[in-house]
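>
4 protein chains.
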Amino acid sequence: MTLDNLSTLRDTIRDFAQARDWEQFHTPKNLVMALSVETAELMEHFQWLTGEQSLQLNAQSRTEVAQEIADVLIYLTRLADVLDIDPLQAAFDKIQINAQKYPVEKSRGHNTKYDKLD
Amino acid sequence: MTLDNLSTLRDTIRDFAQARDWEQFHTPKNLVMALSVETAELMEHFQWLTGEQSLQLNAQSRTEVAQEIADVLIYLTRLADVLDIDPLQAAFDKIQINAQKYPVEKSRGHNTKYDKLD
Amino acid sequence: MTLDNLSTLRDTIRDFAQARDWEQFHTPKNLVMALSVETAELMEHFQWLTGEQSLQLNAQSRTEVAQEIADVLIYLTRLADVLDIDPLQAAFDKIQINAQKYPVEKSRGHNTKYDKLD
Amino acid sequence: MTLDNLSTLRDTIRDFAQARDWEQFHTPKNLVMALSVETAELMEHFQWLTGEQSLQLNAQSRTEVAQEIADVLIYLTRLADVLDIDPLQAAFDKIQINAQKYPVEKSRGHNTKYDKLD
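From first to last, the protein sequence lines stand for chains A, B, C and D. Start counting the first sequence at 88; every next residue gets the next number (the numbering used here). Start counting the second sequence at 88; every next residue gets the next number (the numbering used here). Start counting the third sequence at 88; every next residue gets the next number (the numbering used here). Start counting the fourth sequence at 88; every next residue gets the next number (the numbering used here).
In structure tokens form, the structure reads like this:
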């Protein structure tokens, strides 16, 4: 078993939910709310920091932030699973689309949204 | 190259940002905001649906939802990268913690938060 | 002093921040993050409930939900204040726009987004 | 009729929803999701800005931000209405609680969360 693998994570979460009979709660609607709540818990660590400070977390913050990143990944993986969507494939496909929307020459060094690139 | 691999995704995103000189914008503070915005775009697809309807998306919605899941995974992976956190390792570690917080016997069939389990 | 008044709330929050020398943290960027975090804390109360259950909160939940609604309103009012935007005027203006986007005849009884109304 | 009044806003929104037969969609669960989506649309305007830049929006951005603030206030008011909670009363009550949690002397000039104030 390799841990560098989203499929293994998906199966582990699936077993976790099944063992607790939690599948009944895991509709996409509920899971996307849980995902959003976890994302906010992650964001809370950064809300009063400057950009620079956000790059220099102390050890305690780093540990907490890692756990919140974990929670976001867990719910995202579970949501994709119940929708039967492969999140990694979707991500690689989306990067192809983004490469079209943000050509290197037009996008370099600024953050203009694609629909406002001339 | 295998696609079932978050490390490959991380490197692809890293190259994408570097080619566009976007690293200057990719502080954790900014990235967590972008992650939160993408999570909301994903949530928007489900806001007026019942739980049951959220399980029966039509083809058009499924495609759009897959792209939003992709965006969330992309920003989450990028955020973890700039923080030098391994998101998969963090997720497996967190599942161990969750297994302690939610013992099977006490958690089966209900969604009580761990701090309210007797 | 009337309490049914957002201007009074705005001034109260302004004094609160000034007394604690918190104005330095109250950039729009930081405040919108705090607003988003509070919105998620409000959402957390509803994530595992059905629509029907969400209408029947017990007394304890109602008290907690009221406090989260308060936090959202406080940060929204503060954000509008530092941006010098009148939120009530903006809301009444927006309702006029919404009335154009969602004519009664075309919108009755369904939740189709305005850009998909034929 | 005065516009500086959340009760008038509440009633206007209530009439708007009733005229379109939208009450069926306005469960607290759905409304809190809509609130969260609007909050993210507001946040999107600030995600790549520095704190300083977020204080200096151009005219176009200000107009768009005002409309997003409006949407957040509209959904928050509607959510409080269906829950029969007075949001202004709740906000003033919460400020009393916050004043206890954040005494002026202990809180001045830093953003430490109340549970970490010594």
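We put the beta carbon where it would ideally sit given N, CA and C, even for glycine.
Compare the C-alpha of A/Ala153 against each of B/Ala177, B/Val191, B/Ala157, B/Met120 and name the closest.
B/Ala177
> Pull out every residue of the region 168-184 of chain C whose Cβ sits closer than 8 Å to any Cβ of chain D, in chain order.
Val169, Leu170, Ile172, Pro174, Leu175, Gln176, Ala177, Ala178, Phe179, Asp180, Lys181, Ile182, Ile184
> Could you say if the region 190-204 of chain B and the region 138-158 of chain C meet the contact criterion of at least three C-beta pairs nearer than 8 Å?
no
> Examine chain D for any beta-carbon lying closer than 8 Å to the beta-carbon of C/Leu163, and answer yes or no.
yes
> Check whether the Cβ of D/Lys200 lies closer than 8 Å to any Cβ atom in chain C.
no
> Measure the alpha-carbon distance for C/Ile184 versus C/Pro190 and round it to whole angstroms.
10 Å
> Would you report the Cα separation of A/Arg107 and B/Asn92, rounded to the nearest angstrom?
A/Arg107 and B/Asn92: Cα-Cα distance of roughly 28 Å.
> Is it true that the CB of A/Pro115 sits closer than 8 Å to the CB of B/Ile156?
no
> What residues from chain C crowd round B/Gly138, counting only those whose CB sits closer than 9 Å?
Thr137, Gly138
> Going by alpha carbons, who is nearest to A/Ser94 out of A/Asp202, A/Leu136, A/Asp171, A/Lys181?
A/Asp171
> If contact means a Cβ-Cβ distance below 7 Å, which residues of the region 143-164 of chain C contact chain D?
Cβ contacts with chain D come from Val152, Ala153, Gln154, Ile156, Ala157, Asp158, Val159, Leu160, Ile161, Leu163.
> Establish whether the CB of B/Ser194 and some CB of chain C are separated by less than 8 Å.
no
> Take the Cβ of D/Asp158 as the centre, count every other Cβ of all protein chains shown within 10 Å, and call the residue buried at 16 or more, exposed below.
buried
> Within this structure, are the beta carbons of C/Val119 and D/Phe133 separated by less than 8 Å?
yes
> Are the Cβ atoms of D/Thr126 and C/Leu122 separated by less than 8 Å?
yes
> For D/Ile100, tell me which candidate among C/Lys203, C/Glu128, C/Ile182, C/Glu131 has the shortest Cα-Cα distance.
If we check each option's Cα against that of D/Ile100, C/Ile182 comes out closest.
> Within this structure, are the beta carbons of C/Trp109 and A/Asn117 separated by less than 8 Å?
no
> Ends of the alpha helix (DSSP H) at B/Arg165?
146-169
> Taking C-beta pairs closer than 7 Å, name the residues in chain A that D/Ser123 reaches, listed in chain order.
Ser123
> Taking the alpha-carbon positions, what's the A/Lys203 to C/Arg149 distance?
Cα to Cα, the separation comes out at about 44 Å.
> Tell me the rounded alpha-carbon separation between D/Thr137 and A/Gln105.
45 Å
> At a CB-CB cut-off below 9 Å, which residues of chain C make contact with A/Glu110?
By Cβ distance, chain C contributes nothing, its closest Cβ being about 13 Å from A/Glu110, past 9 Å.
> Going by C-alpha distance, which of C/Asp168, C/Phe103, C/Phe112 is nearest D/Glu139?
C/Phe112
> Note down, in chain order, each residue of its chain lying with its Cβ closer than 8 Å to the Cβ of A/Met88, except the 5 sequence neighbours on either side.
Residue confidence for A/Met88 is low, a pLDDT of 47 falling below 50, so the modelled location carries little weight; the figure read from the coordinates is stated next. The answer, listed in chain order, is Thr95.
> Which chain C residues sit within Cβ distance under 7 Å of A/Ala104?
Near A/Ala104 there are no residues of chain C at all, since even the closest Cβ is about 13 Å away, more than 7 Å.
> Evaluate D/Asp168 with the Cβ neighbour count: other Cβ atoms within 10 Å of its Cβ, from every protein chain shown; 16 or more gives buried, anything less gives exposed.
buried
> Using only the alpha-carbon positions, how far apart do D/Tyr201 and A/Lys200 sit?
38 Å
> Along chain B, in chain order, which residues have C-beta atoms closer than 7 Å to that of D/Ala127?
Ser123, Val124, Ala127
> Roughly how many angstroms lie between the CA atoms of A/Ala186 and D/Met130, to the nearest whole one?
24 Å
> What residue ranges within the region 110-135 of chain D form continuous alpha helix (DSSP H) runs of no fewer than 4 residues, ordered along the chain?
If we require 4 residues or more, the alpha helix (DSSP H) runs fully inside the region 110-135 of chain D come out as 115-131.
> Among the residues of its own chain, which have a CB less than 8 Å from the CB of C/Leu160, if the five just before and after it don't count?
Leu96
> Can you find the residues in the same chain that come closer than 7 Å, C-beta to C-beta, to A/Lys188, ignoring five residues on each side of it along the sequence?
Correct list, in chain order: Tyr201.
> Taking 8 Å as the CB-CB limit, is B/Asn92 close to chain D?
For B/Asn92, the nearest beta carbon of chain D is not closer than 8 Å to its own beta carbon.
> CA-CA distance, A/Glu128 and D/Glu128?
19 Å
> Taking A/Lys116 as the query, report the chain B residues whose CB atoms sit under 7 Å from its CB, ordered along the chain.
Phe133, Leu136, Gly138, Ser141
> Does any C-beta atom of chain C lie closer than 8 Å to the C-beta of D/Leu96?
With respect to chain C, the C-beta atom of D/Leu96 has a partner C-beta closer than 8 Å.
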